[in-house]
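In this note's numbering, the protein residues as written are 2 to 402.
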Amino acid sequence: MSFDPVSKVFELLQFGEYGDVNPSITDSATYTFMQAVTMSDTFEGKQEGCFLYSRHWNPTNKYLADALAAMEGTEAAWVTGSGMAAITNVILHLCNAGDHVVSSLTTYGGTFAFLKNYLPKFNIDVTFVDIDNHEEVKKAMRPNTRLIYTETMTNPMLQISDIPALAAIANAHNCKLVVDNTFTPMIVSPALHGAHIVVHSLTKFINGKNDCVAGAICASAEFINSLADVNSGTSMLLGPVLDPLRSASILKNLHTLHIRMQKHSQNALYLAKHFEEAGLTFNYPGIPSHPGHDTLNKITNPGFGYGGMIAIDLETAEDAAQLMEMMELEGVGYLAVSLGYFKTLFSNSGKSTSSEVPVELQKKMGMSEGLVRFSVGLDHDIEKTWQKIRKCLVALKYIQN
Ligand code: PLP
Numbered sequence: 002m003s004f005d006p007v008s009k010v011f012e013l014l015q016f017g018e019y020g021d022v023n024p025s026i027t028d029s030a031t032y033t034f035m036q037a038v039t040m041s042d043t044f045e046g047k048q049e050g051c052f053l054y055s056r057h058w059n060p061t062n063k064y065l066a067d068a069l070a071a072m073e074g075t076e077a078a079w080v081t082g083s084g085m086a087a088i089t090n091v092i093l094h095l096c097n098a099g100d101h102v103v104s105s106l107t108t109y110g111g112t113f114a115f116l117k118n119y120l121p122k123f124n125i126d127v128t129f130v131d132i133d134n135h136e137e138v139k140k141a142m143r144p145n146t147r148l149i150y151t152e153t154m155t156n157p158m159l160q161i162s163d164i165p166a167l168a169a170i171a172n173a174h175n176c177k178l179v180v181d182n183t184f185t186p187m188i189v190s191p192a193l194h195g196a197h198i199v200v201h202s203l204t205k206f207i208n209g210k211n212d213c214v215a216g217a218i219c220a221s222a223e224f225i226n227s228l229a230d231v232n233s234g235t236s237m238l239l240g241p242v243l244d245p246l247r248s249a250s251i252l253k254n255l256h257t258l259h260i261r262m263q264k265h266s267q268n269a270l271y272l273a274k275h276f277e278e279a280g281l282t283f284n285y286p287g288i289p290s291h292p293g294h295d296t297l298n299k300i301t302n303p304g305f306g307y308g309g310m311i312a313i314d315l316e317t318a319e320d321a322a323q324l325m326e327m328m329e330l331e332g333v334g335y336l337a338v339s340l341g342y343f344k345t346l347f348s349n350s351g352k353s354t355s356s357e358v359p360v361e362l363q364k365k366m367g368m369s370e371g372l373v374r375f376s377v378g379l380d381h382d383i384e385k386t387w388q389k390i391r392k393c394l395v396a397l398k399y400i401q402n
């Protein structure tokens, strides 16, 4: 199945009322009506194309949402103030008290904490599974299971979700497959492979500038409309809407995403090959020995590579800390959480973005306390970067000189 997400975004005709090539920014919370009946019709959802209040819809947010829906191949999208807002709104909208969720054990730590610590408030039960073990997924399904939750490429273990197989399980149980595609925008289009709802932290690769947090929900028009329903829509009622000024800047950055993803992937693959030659223990789905490599090949859109995320295992947290401090001083990048930035970022997952996951579960998912996750940047001279990383690994005796 060939899908070209770049053309889908570029072919959208989005321009402002004066022909401005970047659509005008609607810097308004509310909207005027010439007739009272149009207002009441809009509240009742009878009036297409009218805006009533920016917590509900804003034209600038709609430009970004439409572009993201085009990129993901979904009918519609809605943009949120953070990736967590997108994730939590989808789950809360799909589940009622007493329902059940099946989730990959390996997910972003904030998502894990929401599923594990927050959902019990609503008597919503979660079963965590190894998302690669489809028998375990099937066994976990219950009559009240409303969704299977996973990430295309999981954070931080970089497991690859077999989206068509998981969609088949979800369909057989009449529930939704929700996929976080934050690590692999453009590379994979989960909705094309059967995911019902795709969520994003736009904070990461899609915006790529680390100047804001934002998120998105891409799904059917029916689901998106129900999220924004004035009477019962989770997003309308909880109000996690993205600021339109930010939407406008993210939309501009979205138009360079394909080139950035190619470069992130190219640089990460270069490092992976050198890590392999150096005999390091590392994880990168772009190399044939990775257990998810074939699955990823089955679902990737051609031309974007395998992504910019790579993780090295340095056995102990102390070694991980030393490596990161040395790499920062060498100018490899920054010791910082987050990803998808133009500079390389690295962090020790167990002590940062997965610290919400109890240590015994970190062990169960195979996460070593010395795991250093890299978001490889857009370095022009990646050989030079490799030499800097190599120097640090030699000093720590992980590589012989
Ligand atoms: N999903 C993934 C895979 C993430 O890595 C993160 C944050 O690190 C999130 C969601 C949450 O996004 P945000 O920080 O924009 O709320």
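Beta carbons are placed, not taken as given, at the ideal position from N, Cα and C, and that holds for glycine.
In this structure the segment 193-206 does not lie against the segment 53-60, because fewer than three pairs of beta carbons, one per stretch, are closer than 8 Å. Look at Ile251: its beta carbon is at least 7 Å from all of the heavy atoms in the ligand PLP. Residue pairing of Arg374 in beta bridges, as defined by DSSP: Ala312, Ser348. By alpha-carbon distance to Ser266, the top candidate from Ala168, Asp380, Asn254, Cys51 is Asp380. Relative to the non-hydrogen atoms of the ligand PLP, the Cβ of Thr112 comes within a distance shorter than 7 Å of at least one. Val214 has its Cβ nearer than 7 Å to a heavy atom of the ligand PLP. A residue is called buried when at least 16 other Cβ atoms come within 10 angstroms of its Cβ; Thr107 meets this threshold and is buried. One alpha carbon belongs to Ser290, the other to Ile260, and they sit about 26 Å apart. Closest in C-alpha terms to Glu357, from the list Gly74, Ser227, Phe115, Phe11, comes Phe115.
Put simply, the backbone Cα of Gly308 is about 21 Å away from that of Ala68. Apart from the 5 residues on each side of it in sequence, Thr61 sits with its Cβ closer than 6 Å to the Cβ of Ile26, Thr27, Pro245, Ser248, Ala249 in its chain, given in chain order. Taking all protein chains shown into account, Glu223 has fewer than 16 neighbouring C-beta atoms within 10 Å of its C-beta and is therefore exposed. DSSP links Glu152 through a beta bridge to Asp181. With respect to the 8 Å criterion, Tyr109 and Thr354 are classified as neighbours on the basis of their beta carbons.
For Ile400, the closest alpha carbon among the candidates Leu315, Val333, Met366, Ala337 is that of Leu315.
Closest in alpha carbon position to Ser339, among Phe347, His275, Ile92, is Phe347. Going by DSSP, Thr89 is part of the alpha helix (DSSP H) stretching over 84-95. As the crow flies, the alpha-carbon of Leu178 is around 9 Å from that of Arg147. Within the DSSP secondary-structure output, Ser202 pairs in a beta bridge with Gly216. As DSSP reads the structure, Trp79 sits in a beta bridge with Ile218. Listed in chain order, the non-local C-beta contacts of Asp131 below 7 Å within the same chain comprise Leu106, Glu137, local neighbours out to five positions each way being set aside. Three or more Cβ pairs closer than 8 Å define a contact, and the segment 317-331 meets that threshold against the segment 362-372. Here Asp126 is bridged, per DSSP, to His101. For Gly111, the enclosing alpha helix (DSSP H) begins and ends at 110-114.
At a cut-off of 4 residues, the continuous stretches assigned as alpha helix (DSSP H) that sit fully inside the segment 244-286 are 245-255, 258-278. At least one heavy atom of the ligand PLP is found less than 7 Å from the C-beta of Met85. In this structure, the beta-carbon distance from Ser83 to Gly195 does not fall below 8 Å. Relative to the non-hydrogen atoms of the ligand PLP, the Cβ of Ile198 never comes closer than 7 Å to any of them. In this structure, the beta-carbon distance from Met310 to Phe184 falls below 8 Å. The beta-carbon distance between Gly287 and Leu270, rounded to whole angstroms, is 5 Å. This is short enough to meet the 8 Å contact definition. The DSSP-derived three-state label of Ile288 is coil. Taking the Cα positions, His101 is about 10 Å away from Ile92. For Tyr342, the three-state secondary structure derived from DSSP is coil.
Placement of the Cβ of Asn156 at a distance of less than 7 Å from at least one heavy atom of the ligand PLP is found. Contact annotation, Val333 with Thr282: C-beta distance approximately 19 Å; criterion of less than 8 Å not satisfied. At the C-beta level, Val180 and Met142 stay beyond 8 Å of one another.
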